[in-house]
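Each remark here refers to the structure printed beneath this line.
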């Protein structure tokens with residue numbers, strides 16, 4: 009349902025012609041009133057908690073709109089802190105720091121899910137607009153909460169339960185098809201961290217050392233990993249991007265192919281509808297990535313949720329009419345969402361990981377000369393082995409060609425290949 013203000017804007021876009029130099033002051037006043045805007049409209053301030061590359065690229069998407077960004081960053085050297093003009097260096101785990109940061113912001117959003125839930129509740133009690141809100145973010149912060157809620161709404165998931173110790177993990181395995189199983193800490197894991205592939209009970213010990221609850225899941229026999237990315241606004245407008253295939257290496261996303269090759273129209277539609285339903289049921293505002301398993305018998309199961317721009321959506325920067333970052337900004341400000349359709353038949357994103365070749369700039373000459381259509385996105389990070397320091401996007405009509413170009417550029421920038 010549209011809010012009064014949003015409905016007024018919608019009426020404005022349908023029934024009021026574009027202003028021309030002949031429009032009088034009186035008619036301009038009527039236009040403002042019809043659209044629900046105050047007499048003076050100022051550009052809002054978006055407060056972003058977290059200074060990583062997601063914040064950097066979200067800020068970039070807001071620049072053409074003239075939006076003002078304020079950043080809460082761990083250090084002045086963080087990826088986004090290098091490019092945002094107003095940076096507050098502080099600890100997001102400190103409530104007083106969060107409250108001071110929120111002053112002067114029209115909305116608060118995030119490039120990670122780690123702000124303590126009790127701090128989010130305090131901000132909301134103070135009247136701060138937080139998007140996505142605490143209630144929604146709980147499902148991205150705690151895998152146990154996520155699984156329970158997904159079960160309640162009937163979303164398909166792997167078999168799972170919370171386990172107390174290695175013996176309980178062995179009992180969980182015995183309840184199904186036996187080992188191997190997957191163990192995950194319910195909070196704090198990302199990019200393969202906090203996840204264990206357990207082949208026998210003795211291998212389960214490390215998962216319980218962190219002192220937080222542990223979620224056990226069956227080892228899914230999947231054909232590939234997919235991701236359904238959607239964006240939802242406060243008044244319920246939502247858009248869905250094409251479902252993508254996500255290829256992992258050592259637990260880290262390596263390559264994303266948009267759209268997922270060979271995915272049936274039926275299963276693609278199921279994945280998009282599932283992501284849209286999850287967003288609605290959980291009242292997500294902003295970008296939601298639903299990571300999925302495509303099983304060998306043709307089903308989809310929910311693996312993870314992320315309520316922020318996501319690596320599986322980086323291809324949209326150059327491959328979609330409106331990127332995930334631009335639509336996330338629109339959503340948290342309750343602006344009409346942009347077109348998510350792809351610009352090309354195929355787009356491939358490959359992550360650039362740090363290696364033994366720190367001078368990546370020297371590789372630009374080769375990469376750009378070899379592929380003038382190549383899009384390089386670097387994050388301003390120090391190069392360390394295995395660290396995500398950027399990504400490349402390629403696009404075109406021939407998937408094999410697009411894949412080869414993306415892989416060549418990512419490997420050349422890393423120094424894996426030199427020709």
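Residue numbers (the numbering used here): 9 to 427.
Just so you know, even glycine gets a beta-carbon here, dropped at the ideal spot from N, CA and C.
Everything numeric in this text was worked out from a predicted model, so none of it was measured.
Item	Value
Contact with chain D by residue 94, beta-carbon distance below 8 Å	Structure shown: chain D not included; a single protein chain is present.
Buried or exposed (CB count within 10 angstroms, at least 16 for buried), residue 256	exposed
As assigned by DSSP and simplified to three states, the class of residue 136	coil
Whole-angstrom C-beta distance between residue 64 and residue 96, which should lie under 8 Å	Actually they are not in contact, since the Cβ atoms of residue 96 and residue 64 sit about 16 Å apart, beyond 8 Å.
Beta-carbon proximity list for residue 118, same chain, < 6 Å, skipping 5 on both sides	57, 58, 316
Coarse secondary structure for residue 340, derived from DSSP in three states	helix
Runs of alpha helix (DSSP H) lying entirely within the segment 281 to 328, each at least 4 residues, in chain order	324 to 327
Simplified DSSP state of residue 180, which is helix, strand or coil	helix
Bridge partner(s) assigned by DSSP for residue 404	354
Inter-stretch contact at 8 Å, needing at least 3 Cβ pairs: the segment 318 to 334 / the segment 287 to 300	yes
Cβ neighbours of residue 226 in the same chain (closer than 6 Å, five flanking residues each side left out)	166, 167, 184
Cβ-based neighbour list, residue 73, same chain, cut-off 6 Å, excluding 5 preceding and 5 following	none
Pair within 8 Å by beta-carbon distance, residue 263 and residue 194	no
Residue 337 beta carbon less than 8 Å from that of residue 54	yes
C-beta contact flag for residue 269 and residue 250 at 8 Å	no
Between the CA atoms of residue 205 and residue 189 - distance to the nearest angstrom	6 Å
Distance CB(residue 327)-CB(residue 401) smaller than 8 Å	yes
Ordered list of beta strand (DSSP E) runs contained in the segment 377 to 421, each at least 3 residues	383 to 386, 396 to 404
Which residues DSSP lists as bridging residue 170, in chain order	223
Simplified DSSP assignment, three categories, for residue 268	coil
Where residue 195 falls: helix, strand or coil (DSSP)	coil
Residue 363 and residue 303 closer than 8 Å at C-beta	no
7 Å Cβ shell around residue 283 - same chain, five flanking residues per side excluded	236, 238, 248, 296, 298
Neighbour-count burial assignment, residue 109, 16 or more Cβ in a 10 Å radius	buried
Nearest-angstrom Cα separation, counted from residue 259 out to residue 212	18 Å
Proximity of residue 171 and residue 139 at Cβ, strictly below 8 Å	no
Coarse secondary structure for residue 276, derived from DSSP in three states	helix
Residue 233 - partner residues in DSSP beta bridges	254, 301
Reference residue 389; option with closest CA among 413, 410, 366, 411	366
Euclidean distance between Cα positions of residue 196 and residue 125	13 Å
Residue environment, residue 417, which counts as buried when at least 16 other CB atoms sit within 10 Å	buried
From 310, 407, 368, 395, residue whose alpha carbon lies closest to that of residue 162	310
With 16 other Cβ atoms within 10 Å as the buried cut-off, status of residue 154	buried
Whole alpha helix (DSSP H) elements within the segment 97 to 131, 4-residue minimum	103 to 110
Residue closest to residue 104, alpha-carbon to alpha-carbon, out of 351, 80, 307, 94	80
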